[in-house]
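Visitor: Before I ask anything, let me first share the structure, which is written out below as structure tokens.
Residue numbers (this note's numbering): 180 to 443.
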């Protein structure tokens, strides 16, 4: 693991070919990609980034205003530190939203964008309700025991396909990686979907190919994937069988094959 100079990161594989830069989701850290790395390294060079407020970047503050822009600048500085000029960018959930924004803000060098179970942006009429919801969760992360909040978090509809064993495993790993909820609350507020610029138009006009993955049990993001395809925003979509919201955890070999194809 690197020291936190810009954003913390972990690498797998040998530095050759096109690097794959990986952005995890809310509550995660770079180790979330370990199962995927087992299928891709050492044939592929992988760089997993810890988002601000998470993992070994937990002391990197999340700026409440312009959080997306600030993150994109942090990511650019980290990639510069790593001497990565051309790469495939992969993002899951929150990481996917940050990846889509970064590809809009700094498209230079991005060979392909791979988005996993992630939202390109809300209509203006939907933002107030989403912000209220995220602020409510942030308050819980700040004031209640983290174990209690995580129990509620992983019983949301988007995680309905998880069985009790997987849910317990997720909660255990999240508790091990996060000792208190203040930074997570800041991340929820700063990176709220309500504050994310709508990226539908920028995806449609992007010069790099965009690939979208969703699980066959993830009905919400299955619908978003088809909307993106119909709008001409993505090159293709992958409906991954026997998977819910988190494909790289549930079907890492399938996702590894999608990335191999993208790298050809």
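Ideal Cβ positions, reconstructed from N, Cα and C, are used throughout, including at glycine.
Note down the Cα distance separating residue 400 from residue 296, rounded to an integer number of angstroms.
Guide: 6 Å
Visitor: Using 10 angstroms around the beta-carbon of residue 231, count the other beta-carbons present and answer buried if the total reaches 16, otherwise exposed.
Guide: buried
Visitor: Quick one: what's got a C-beta closer than 8 Å to residue 253's C-beta in the same chain, skipping five residues either side?
Guide: 185, 186, 231 and 239
Visitor: Going by DSSP, which residues form a beta bridge with residue 190?
Guide: Beta-bridge pairing links residue 190 to 226.
Visitor: Report yes if the C-beta distance between residue 220 and residue 192 is below 7 Å; otherwise report no.
Guide: With contacts defined by Cβ atoms closer than 7 Å, residue 220 and residue 192 form a contacting pair.
Visitor: Using CA atoms only, rank isn't needed, just tell me which of 376, 377, 412 and 397 is closest to residue 384.
Guide: 412
Visitor: CB residue 405 to CB residue 292, shorter than 7 Å?
Guide: no
Visitor: Quick check on DSSP: helix, strand or coil for residue 399?
Guide: helix
Visitor: The beta strand (DSSP E) that contains residue 415, what's its start and end?
Guide: Following the DSSP letters along the chain, one finds residue 415 inside the beta strand (DSSP E) bounded by residues 415-419.
Visitor: Could you tell me whether any non-hydrogen atom of the ligand ZN is closer than 6 Å to the CB of residue 216?
Guide: What this structure holds is no ligand at all, so the ligand ZN is not there to describe.
Visitor: Under DSSP, the beta strand (DSSP E) around residue 269 begins and ends at which residues?
Guide: Its beta strand (DSSP E) spans residues 266-271.
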